[in-house]
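One structure below.
There are 2 protein chains.
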Amino acid sequence: MKLSKLLGMRFKETPADCQITSHILMVRGGYIKNTGSGIYSLFMPAKRIMQKIEAIIREEMDGIGGQEVMLPVAMPASLWKESGRFDSVSNELLRFKDRHGSDMVLGMTHEEAVVHLARDAAPSYTNYPFMLYQIQTKFRDEARPRAGLIRVREFTMKDAYSFHLTQEDLESYYEECYKAYERIFRRCGLKDVCVVKSDSGMMGGKVSHEFMQLTEVGEDTLIICSACDFRSNMEVAECITTPSLRATPPEEGNLADELLEMVHTPGTKTIDSLCEFLNITPQETCKAVMYRTNETGELVVVFIRGDLEVNETKLRNYLQAEVHPDMDNQDDVAYGYCGPVNFTAKAKLVFDRSVKGLSGLVTGANKEGYHYKGFSADRDVPNVEYHDFAKTFEGAVCPVCKKHSITIKRGIEVGNIFQLGTKYTEAMGMTYLDANSKQQHPIMGCYGIGVERTAASVCEAYHDDYGPIWPISIAPWQVHICAIRSDDAQVAATAKALYEGLQNAGIEVLIDDRDVRPGFMFSDADLLGIPVRATVSPKTCERSVVEVSARDKTLKEDVAVDSAIEYIAELVRKKMSELS
Amino acid sequence: MKLSKLLGMRFKETPADCQITSHILMVRGGYIKNTGSGIYSLFMPAKRIMQKIEAIIREEMDGIGGQEVMLPVAMPASLWKESGRFDSVSNELLRFKDRHGSDMVLGMTHEEAVVHLARDAAPSYTNYPFMLYQIQTKFRDEARPRAGLIRVREFTMKDAYSFHLTQEDLESYYEECYKAYERIFRRCGLKDVCVVKSDSGMMGGKVSHEFMQLTEVGEDTLIICSACDFRSNMEVAECITTPSLRATPPEEGNLADELLEMVHTPGTKTIDSLCEFLNITPQETCKAVMYRTNETGELVVVFIRGDLEVNETKLRNYLQAEVHPDMDNQDDVAYGYCGPVNFTAKAKLVFDRSVKGLSGLVTGANKEGYHYKGFSADRDVPNVEYHDFAKTFEGAVCPVCKKHSITIKRGIEVGNIFQLGTKYTEAMGMTYLDANSKQQHPIMGCYGIGVERTAASVCEAYHDDYGPIWPISIAPWQVHICAIRSDDAQVAATAKALYEGLQNAGIEVLIDDRDVRPGFMFSDADLLGIPVRATVSPKTCERSVVEVSARDKTLKEDVAVDSAIEYIAELVRKKMSELS
Numbered sequence: 016m017k018l019s020k021l022l023g024m025r026f027k028e029t030p031a032d033c034q035i036t037s038h039i040l041m042v043r044g045g046y047i048k049n050t051g052s053g054i055y056s057l058f059m060p061a062k063r064i065m066q067k068i069e070a071i072i073r074e075e076m077d078g079i080g081g082q083e084v085m086l087p088v089a090m091p092a093s094l095w096k097e098s099g100r101f102d103s104v105s106n107e108l109l110r111f112k113d114r115h116g117s118d119m120v121l122g123m124t125h126e127e128a129v130v131h132l133a134r135d136a137a138p139s140y141t142n143y144p145f146m147l148y149q150i151q152t153k154f155r156d157e158a159r160p161r162a163g164l165i166r167v168r169e170f171t172m173k174d175a176y177s178f179h180l181t182q183e184d185l186e187s188y189y190e191e192c193y194k195a196y197e198r199i200f201r202r203c204g205l206k207d208v209c210v211v212k213s214d215s216g217m218m219g220g221k222v223s224h225e226f227m228q229l230t231e232v233g234e235d236t237l238i239i240c241s242a243c244d245f246r247s248n249m250e251v252a253e254c255i256t257t258p259s260l261r262a263t264p265p266e267e268g269n270l271a272d273e274l275l276e277m278v279h280t281p282g283t284k285t286i287d288s289l290c291e292f293l294n295i296t297p298q299e300t301c302k303a304v305m306y307r308t309n310e311t312g313e314l315v316v317v318f319i320r321g322d323l324e325v326n327e328t329k330l331r332n333y334l335q336a337e338v339h340p341d342m343d344n345q346d347d348v349a350y351g352y353c354g355p356v357n358f359t360a361k362a363k364l365v366f367d368r369s370v371k372g373l374s375g376l377v378t379g380a381n382k383e384g385y386h387y388k389g390f391s392a393d394r395d396v397p398n399v400e401y402h403d404f405a406k407t408f409e410g411a412v413c414p415v416c417k418k419h420s421i422t423i424k425r426g427i428e429v430g431n432i433f434q435l436g437t438k439y440t441e442a443m444g445m446t447y448l449d450a451n452s453k454q455q456h457p458i459m460g461c462y463g464i465g466v467e468r469t470a471a472s473v474c475e476a477y478h479d480d481y482g483p484i485w486p487i488s489i490a491p492w493q494v495h496i497c498a499i500r501s502d503d504a505q506v507a508a509t510a511k512a513l514y515e516g517l518q519n520a521g522i523e524v525l526i527d528d529r530d531v532r533p534g535f536m537f538s539d540a541d542l543l544g545i546p547v548r549a550t551v552s553p554k555t556c557e558r559s560v561v562e563v564s565a566r567d568k569t570l571k572e573d574v575a576v577d578s579a580i581e582y583i584a585e586l587v588r589k590k591m592s593e594l595s
Numbered sequence: 016m017k018l019s020k021l022l023g024m025r026f027k028e029t030p031a032d033c034q035i036t037s038h039i040l041m042v043r044g045g046y047i048k049n050t051g052s053g054i055y056s057l058f059m060p061a062k063r064i065m066q067k068i069e070a071i072i073r074e075e076m077d078g079i080g081g082q083e084v085m086l087p088v089a090m091p092a093s094l095w096k097e098s099g100r101f102d103s104v105s106n107e108l109l110r111f112k113d114r115h116g117s118d119m120v121l122g123m124t125h126e127e128a129v130v131h132l133a134r135d136a137a138p139s140y141t142n143y144p145f146m147l148y149q150i151q152t153k154f155r156d157e158a159r160p161r162a163g164l165i166r167v168r169e170f171t172m173k174d175a176y177s178f179h180l181t182q183e184d185l186e187s188y189y190e191e192c193y194k195a196y197e198r199i200f201r202r203c204g205l206k207d208v209c210v211v212k213s214d215s216g217m218m219g220g221k222v223s224h225e226f227m228q229l230t231e232v233g234e235d236t237l238i239i240c241s242a243c244d245f246r247s248n249m250e251v252a253e254c255i256t257t258p259s260l261r262a263t264p265p266e267e268g269n270l271a272d273e274l275l276e277m278v279h280t281p282g283t284k285t286i287d288s289l290c291e292f293l294n295i296t297p298q299e300t301c302k303a304v305m306y307r308t309n310e311t312g313e314l315v316v317v318f319i320r321g322d323l324e325v326n327e328t329k330l331r332n333y334l335q336a337e338v339h340p341d342m343d344n345q346d347d348v349a350y351g352y353c354g355p356v357n358f359t360a361k362a363k364l365v366f367d368r369s370v371k372g373l374s375g376l377v378t379g380a381n382k383e384g385y386h387y388k389g390f391s392a393d394r395d396v397p398n399v400e401y402h403d404f405a406k407t408f409e410g411a412v413c414p415v416c417k418k419h420s421i422t423i424k425r426g427i428e429v430g431n432i433f434q435l436g437t438k439y440t441e442a443m444g445m446t447y448l449d450a451n452s453k454q455q456h457p458i459m460g461c462y463g464i465g466v467e468r469t470a471a472s473v474c475e476a477y478h479d480d481y482g483p484i485w486p487i488s489i490a491p492w493q494v495h496i497c498a499i500r501s502d503d504a505q506v507a508a509t510a511k512a513l514y515e516g517l518q519n520a521g522i523e524v525l526i527d528d529r530d531v532r533p534g535f536m537f538s539d540a541d542l543l544g545i546p547v548r549a550t551v552s553p554k555t556c557e558r559s560v561v562e563v564s565a566r567d568k569t570l571k572e573d574v575a576v577d578s579a580i581e582y583i584a585e586l587v588r589k590k591m592s593e594l595s
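Taken in sequence, the protein lines are chains A and B. Add 15 to the 1-based position in the first sequence for this note's numbering, that's all there is to it. Add 15 to the 1-based position in the second sequence for this note's numbering, that's all there is to it.
Written as structure tokens, this is what we have:
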């Protein structure tokens with residue numbers, strides 16, 4: 016490919032409304048253009064990166080016996096009504112009507128469609144197990160698309176679905192797929208992918224894992240134990256607290272002697288202001304965090320130690336209902352002064368286990384401007400059930416090795432795998448006859464990878480101030496020839512011979528054949544991030560060499576013109592094999 | 016691939032609601048499954064066929080300098096408002112709103128999106144010409160999807176867009192693309208692709224061609240001159256008529272002597288009934304065909320010789336408005352008895368040139384149950400303009416060689432190419448600075464190929480009663496091994512060695528490893544239509560041979576086991592090279 020013909024503008028300025036590096040560099044490098052909110056068009060370099068990632072995914076999916084199929088982008092809503100998700104999924108699912116007024120949806124995931132495809136095609140236990148996958152456009156109507164290709168509305172996804180006779184078979188295939196995913200990300204050059212336990216969310220099923228590229232700009236919060244192998248998404252990580260200090264040690268005798276005492280605490284609606292007013296720490300308080308259920312609007316109050324935060328995923332899973340923070344100012348609730356003692360408003364009260372067994376706490380008195388001192392959970396609210404609703408935190412206790420070794424990282428979710436069970440096959444009536452001619456529902460797993468997001472994650476992981484540094488396995492081209500002063504006959508001839516020779520050797524080459532200044536040429540080359548660069552100039556020609564360098568600065572060498580093709584081809588093969 | 020693992024049911028019965036062969040065979044062969052009206056999911060064999068067609072297209076598009084890009088499936092409607100097509104295109108364009116209430120469309124073609132992508136990226140004349148293409152899912156909300164993969168709502172399309180400085184450059188590139196299309200269809204095995212002039216329709220522009228696979232089941236009507244090179248879609252084919260016989264030759268004197276005479280013709284609302292009643296031929300009548308414009312509902316009456324039909328495309332292009340047959344029964348119009356003399360209802364009257372100069376015709380008297388005899392166009396409706404609104408017909412006069420040599424064929428449109436001009440670049444403000452620093456709009460061409468439709472057309476062209484006969488270039492696999500009695504150890508070992516040996520030789524192999532009857536195995540093999548078959552059975556093993564046959568019955572030969580791999584690999588290479 017000749018750079019003079021390649022469409023896409025490259026420039027130096029940081030584009031407006033781009034915050035993260037991959038977004039900035041992919042706009043600046045002429046890879047992508049925003050077409051609408053969360054919708055991008057790809058220029059040729061980005062399309063080539065995508066195709067290479069897809070080819071790696073395809074190879075690995077075929078390698079574990081996958082059958083590539085194609086399911087529709089636009090589907091009749093009837094399929095999603097069968098599974099129940101037409102109603103249960105929020106408006107990330109884009110629903111619309113066709114010209115005849117029929118309900119349709121845009122596919123954001125394809126469990127329904129794949130069960131529809133497979134359900135008449137595998138009537139006997141002898142047809143199992145099998146796995147179907149596709150690489151296809153998805154649409155998810157995100158409320159707030161952002162961060163370039165990382166959180167978009169339209170994207171390319173590899174989604175795979177496996178069907179099994181037994182849970183054991185699913186688990187063993189799940190493990191195979193897990194390993195294939197590790198190979199995929201490694202081959203794409205991503206070294207810092209961390210696998211964490213995750214919440215199954217709208218997908219259903221009990222076991223699921225996310226493949227997270229660790230990066231500061233990630234949207235997900237990951238819990239990683241520094242002392243053992245424990246890894247989890249914050250959403251599902253157990254929070255283990257150690258007992259809080261007691262606010263006021265009882266002078267003598269037992270806890271019952273330390274009475275509840277109502278104190279006037281004006282202007283202390285927040286834990287911070289309360290602690291300042293009473294000169295105590297948040298650990299010495301029991302706070303009330305208010306939610307409402309999305310569907311019925313019922314008030315839900317979580318009582319939790321004052322230094323902790325509520326993990327909404329855990330709360331949602333416990334309630335089996337979507338919730339949102341309560342923003343109402345309902346008359347009969349003393350907002351900012353709520354506590355578990357004498358809470359009389361109509362609400363569902365739930366208790367985080369961080370409060371269990373504590374005493375001597377300060378908590379709201381359910382009266383504007385007043386708190387109780389000396390709150391003892393066991394004594395004052397006996398018979399309540401405690402559950403884990405808290406977000407874990409840096410330095411918390413690891414649920415596996417029990418050390419104070421929890422660390423918190425951020426990551427981008429590049430893939431996920433789910434053990435779905437029979438949720439979809441039951442709801443949609445997919446059955447097979449087992450060896451005893453008894454009808455059974457197959458057990459499913461599903462496995463996703465975001466293609467654009469993988470590309471953006473690689474860019475986040477490998478770049479410098481001047482542009483991306485693409486791993487050779489997914490680079491848009493393998494070699495970039497800079498022909499400086501291509502109006503010079505010897506430069507033109509040398510560059511042309513190199514270009515054609517490398518192409519004949521099966522190497523993918525981009526040649527900068529433009530008549531532009533060297534600085535301009537090199538800054539464009541940096542933005543295109545091609546791993547191997549060959550520079551031809553009047554100076555190199557004088558010395559009968561080609562300057563071969565690596566985008567990651569690990570190499571800069573003069574190579575004799577006569578052996579340049581062989582040298583570069585070998586370098587490319589070596590780099591490719593490191594990622595194969 | 017092992018057939019025992021391949022998902023998809025094959026069966027003998029003709030499925031309900033399948034009329035055409037490709038639809039029947041692709042359902043019966045486990046290639047496709049209907050997911051909704053005009054929406055199909057593809058099993059692995061169909062997906063592989065599609066991928067091979069796409070690879071051929073990609074090679075040829077890259078070969079003429081195309082840059083593969085990716086444009087969105089779901090687009091903000093604002094783009095289509097810029098071009099004006101949000102309003103001008105009928106409800107084949109699926110319009111919907113996202114969660115924030117913004118107008119969106121599903122892409123049925125991507126002129127808007129590609130101009131949006133390119134418009135800031137090619138500011139100088141030095142950036143031109145260039146061509147961008149993509150292979151991508153489209154959605155066209157067809158009112159009546161039918162015929163399996165031939166007329167669907169969701170489909171895969173290769174759409175390419177070229178940008179030029181001059182009309183001459185566009186024309187020369189258009190010619191290159193024309194030739195690339197010929198190569199693509201030839202390489203896919205389609206021999207009967209006929210290129211016809213076509214109507215540009217909603218795309219705009221003046222010159223366009225369609226690539227039509229000739230077949231009885233085609234939806235398009237093609238006009239082909241049997242005496243010269245003239246080829247056209249019926250939609251745009253000029254209709255040249257020879258003068259009609261005169262109904263009643265005047266006894267003496269000039270035409271004016273033959274007076275208009277109103278005759279009572281009860282129950283003759285159709286030309287057939289009128290002709291029977293008066294014992295004349297349709298050529299001796301002038302009929303009125305009624306339309307209404309879609310937008311305003313204005314009545315449009317076409318006066319045309321009774322034996323001809325109105326070509327709605329020509330009418331639409333003349334009126335520059337969409338029309339539909341008038342189904343109203345408006346009070347002041349004598350439906351079935353309308354004629355050009357004394358037509359008083361409010362309407363736009365247009366005259367087909369078939370009527371020009373004729374006399375002695377019978378035509379409606381605009382009075383229920385009455386016609387005129389002796390109608391003379393020149394005398395009775397002087398000063399009207401005549402245009403060509405008629406469909407041409409078998410045996411009509413060729414507009415090029417002027418012989419009575421028009422023949423009519425049917426075809427499936429597998430590709431189309433358009434010279435768009437500056438319609439989109441002007442509407443959407445895409446400009447470049449020419450060598451004199453003057454702003455100019457680039458000139459565009461666009462080029463489409465329907466991928467599923469190409470696959471279905473190949474199936475229409477190559478099949479027998481038992482299944483498709485895929486050309487090797489697009490066959491799901493190249494070789495199909497039938498291992499008859501795979502429980503026999505020698506059969507199993509021979510088949511396995513063949514399977515592995517061929518795969519090591521780079522051949523794509525499907526092996527039927529099931530323990531089923533030979534008849535069952537062969538009928539499945541016929542439905543899968545793989546061009547080369549190798550049969551291994553206890554009998555062939557006894558003779559130390561493999562039976563090699565071709566799906567198209569041009570070969571059936573016993574080959575020694577020892578040389579079978581080499582023989583088959585060579586056969587595959589030979590067949591592939593015939594289509595390369």
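Cβ coordinates follow ideal geometry from the N, Cα and C atoms, glycine included. Predicted model, so just to flag it, every value in this text is computed and none were measured.
Counting along the chain, the unbroken alpha helix (DSSP H) around A:GLN518 starts and ends at 504 to 519.
A:ARG134 has no beta-bridge partner at all, per DSSP.
Taking 8 Å as the upper bound for CB-CB distance, B:GLU253 and B:ASP403 are in contact here, some 6 Å apart. When B:VAL325, B:VAL317, B:THR328, B:GLN335 are compared, the shortest CA-CA separation from B:GLU310 is found for B:GLN335. Of the residues assessed, A:ALA508 falls on the exposed side of the cut-off, its CB having fewer than 16 other CB atoms within 10 angstroms. Across the set B:PRO297, B:VAL251, B:VAL377, the C-alpha of B:VAL251 shows the shortest separation from the C-alpha of B:ARG331.
Taking 8 Å as the threshold, the shortest C-beta distance from B:ASP135 to chain A falls below it. Close CB contacts of A:ILE64 within its chain, under the 6 Å cut and outside five residues either way in sequence, are with ALA470, ILE489, PRO491 (chain order). The beta strand (DSSP E) runs lying completely inside the stretch 380 to 420 of chain A and spanning 3 residues or more are 385 to 390, given in chain order. Rounded to whole angstroms, the separation of the alpha carbons of A:ASP539 and B:ILE150 is 28 Å. Listed in chain order, the non-local C-beta contacts of B:GLY465 below 7 Å within the same chain comprise PHE170, MET172, VAL429, local neighbours out to five positions each way being set aside.
Under the 8 Å criterion on CB atoms, B:PRO160 is classed as non-interfacial with respect to chain A.
Using a Cβ distance threshold of 8 Å, A:LYS424 and A:LEU586 do not count as a contacting pair. Around the CB of B:GLY354, 16 or more other CB atoms lie within 10 Å, so the residue is classed as buried. Under DSSP, B:ASP479 takes part in a beta bridge, and its partners are B:GLY482. Counting along the chain, the unbroken beta strand (DSSP E) around A:LYS48 starts and ends at 47 to 51. In the DSSP assignment, A:LEU237 falls within the unbroken beta strand (DSSP E) covering 235 to 240. Just so you know, the alpha carbons of B:ILE580 and B:LEU21 end up roughly 24 Å apart.
With contact defined as three or more Cβ pairs closer than 8 Å, the stretch 272 to 287 of chain B and the stretch 384 to 401 of chain B are in contact.
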